[in-house]
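Trainee:
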Amino acid sequence: MKENNWYTFSEGSKKLGKSHSYLYKSMKDRPELFKSTMIQKQGRIWLISDEGLNHIKKNTKKEGDRLRTAILKAVYKTNYHFVFTPFNLKIF
């Protein structure tokens, strides 16, 4: 059976081609993405296995997702800004 290599979150982030804090931020934002068998904490250091890195790589969206950027462009191109306050419900 193949032995799993373990990396610190910083090393794992660099191995994925991301910034050193990528896995820390991902775990804070989306903890459901990290399975308990793929990560472990030793003292103050978080470790992730090869299996965990592959799981993260497969289950995260690519940068510059076309659908998301198209929606954002459409939202920011509008000429009308809506401001709703309890005292004034006018459209500017």
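The opening residue of the sequence shown carries number -4 in this note's numbering; numbering runs sequentially from there.
Backbone N, C-alpha and C fix where the C-beta goes; we use that ideal spot for every residue, glycine too.
If you follow the alpha helix (DSSP H) that Lys53 is part of, which residue opens it and which one closes it?
Mentor: Its alpha helix (DSSP H) spans residues Asp45 to Lys53.
Trainee: For Ser31 versus Trp1, is the C-beta distance shorter than 7 Å?
Mentor: No; because the gap between Cβ atoms is not below 7 Å, this pair is not in contact.
Trainee: DSSP three-state label for Leu11, please.
Mentor: Leu11: coil per DSSP, three-state reduction.
Trainee: Pop quiz: Leu28 and Asn49 are said to be a contact at Cβ under 8 Å. What is the actual Cβ separation, rounded to whole angstroms?
Mentor: So it is not a contact: roughly 13 Å between Cβ atoms.
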